[in-house]
Amino acid sequence: RYLQENEPSQEDKDLISSLPTEKGWIGNSLHKYQGFWQATAHMQGVLACQKHFRALESDIILVTTPKSGTTWLMAILFALVKRAHYLDLRRHPLLTENPHVLVPCLELDVYTDKQVLPDLSSLAPPRLFSTHLPYVSLPDSVKHSGCKVVYLSRDPKDAFVSLWHFVNKLRPVGSGTMSLHEAFDKFCRGVSSFGPFWDHVLGFWNESLKRPESAFFIKFEEMKQEPALQLRRLAEFLGCPFSPEEETHGIVDGILRLCSFDNLSNLVVNKSGKLPAGMENSAFFRKGEVGDSTNYLTTEMVKKLDSITQEKLYGSGLKF
Ligand code: A3P
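Numbering (UniProt numbering), first residue to last: 12 to 331.
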């Protein structure tokens, strides 16, 4: 999924070869497309979903910066908006399927092969998709259909450390581990898949200020701190608030327990299962905590990342 490459068309090859290119994190290349770095393996999916995806007003699109807690929010959104179909939480699809299967990623899972376009017409509304695409690269219909965008971000220090661990799990056997310093240098220069991190976040932060009815901005830290409150806010935003009966029956807590790190990470499917493209589901579960980066970053690294964040977000009203 992250390395698999379908043969790009000549047109795509020409485009890719015209883009600034840098060495990536997992022995691949990154190309700067519309201001953001895309892995070669993702380019076909990015271009295909930009061209072919038609969002419906009822769609819900989860957008994240990689390693912000996408897997968690996928689970929460699925459990939330499909709750009428799965009243018995002991028989819920999340117990047997990884969230990435239930909320497929537009550019990584849905539009993987430009020659074979997916038929999305039979999916029951609301359709749930995810994407790491930056705001500028979203398919036009996502911006104009009135569909709902939920954007999840995370403190860049924790997102970076999470990414570094993740990448080292994905690197091909024999290519060794990537040092924290090499990864840090690339991340700070913005050279990471779907980066620069800060530009990605700002694109959606600004959109959430301009169009709060369509774009909901939330941080991993807020979800961790007040999960029930945030889940109720999400339900309101998505037009499916919890009824007094549901509140009485403890549905909010039920969803949170179902989607908790402890529950999901201990399921057989997530301990030993794989995504259709071969990736281990367990790679998406590590610690799920706030502030773990302090166990890895030196004081200088923390200072440097904090100062980049301050400078980049200056005047936006957004803080981490
Ligand atoms: P850590 O590496 O800091 O533990 P993504 O899903 O965007 O790839 O993000 C992965 C991060 O989210 C990892 O962070 C992972 O452990 C954490 N995570 C996964 N499932 C979670 C859950 N149910 N609750 C909280 N955090 C979770």
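Every residue, glycine too, gets a C-beta built ideally from N, C-alpha and C.
| Check | Outcome |
| --- | --- |
| Contiguous beta strand (DSSP E) assignments of at least 3 residues, all confined to the segment 52-105 | 71-75 |
| Cβ separation of Phe171 and Phe198, assumed to be a contact under 8 Å, to the nearest whole Å | 5 Å |
| Stretch-stretch touch, CB-based, cutoff 8 Å, three pairs: the segment 199-214 with the segment 261-281 | no |
| Supposed close pair His176, Glu118 - CB separation, criterion 8 Å | Between Glu118 and His176 the Cβ distance is about 23 Å, and since that is not below 8 Å, they are no contact. |
| According to DSSP, residues forming a beta bridge with Val161 | Leu73 and Phe227 |
| Closer than 7 Å: Pro115 CB and nearest the ligand A3P heavy atom | no |
| Shell residues, 6 Å Cβ cut-off relative to heavy atoms of the ligand A3P | Thr75, Pro77, Lys78, Ser79, Gly80, Thr81, Thr82, Trp83, Asp169, Ser173, His176, Cys270, Ser271, Phe272, Leu275, Phe295, Phe296, Arg297, Lys298, Gly299 and Asp303 |
| Start-to-end residues for the beta strand (DSSP E) that takes in Ser40 | Ser40 to Tyr44 |
| 6 Å Cβ shell around Pro110 - same chain, five flanking residues per side excluded | Thr82, Met85 and Ala86 |
| Three-state class that DSSP yields for Leu329 in the structure shown | coil |
| Member of Gln236, Val114 and Val147 whose CA lies at the smallest distance from the CA of Leu286 | Val114 |
| Limits of the beta strand (DSSP E) - the one that Ser141 falls within | Leu139 to Thr142 |
| Range covered by the alpha helix (DSSP H) that runs through Thr32 | From DSSP, Thr32 is part of no alpha helix (DSSP H) but of the beta strand (DSSP E) over Thr32 to Lys34. |
| Environment of Arg165 [buried if 16+ CB atoms lie within 10 Å] | buried |
| Alpha-carbon spacing of Leu278 relative to Leu329, whole angstroms | 36 Å |
| Within-8 Å CB hit, Pro137 to chain D | No chain D appears in the structure shown, which is made up of a single protein chain. |
| Span separating the alpha-carbon of Lys43 from that of Ser203 | 10 Å |
| Nearest-angstrom beta carbon gap, Ile71 and Val92 [assumed within contact, 8 Å] | 6 Å |
| Nearest-angstrom beta carbon gap, Asn281 and Asn292 [assumed within contact, 8 Å] | 5 Å |
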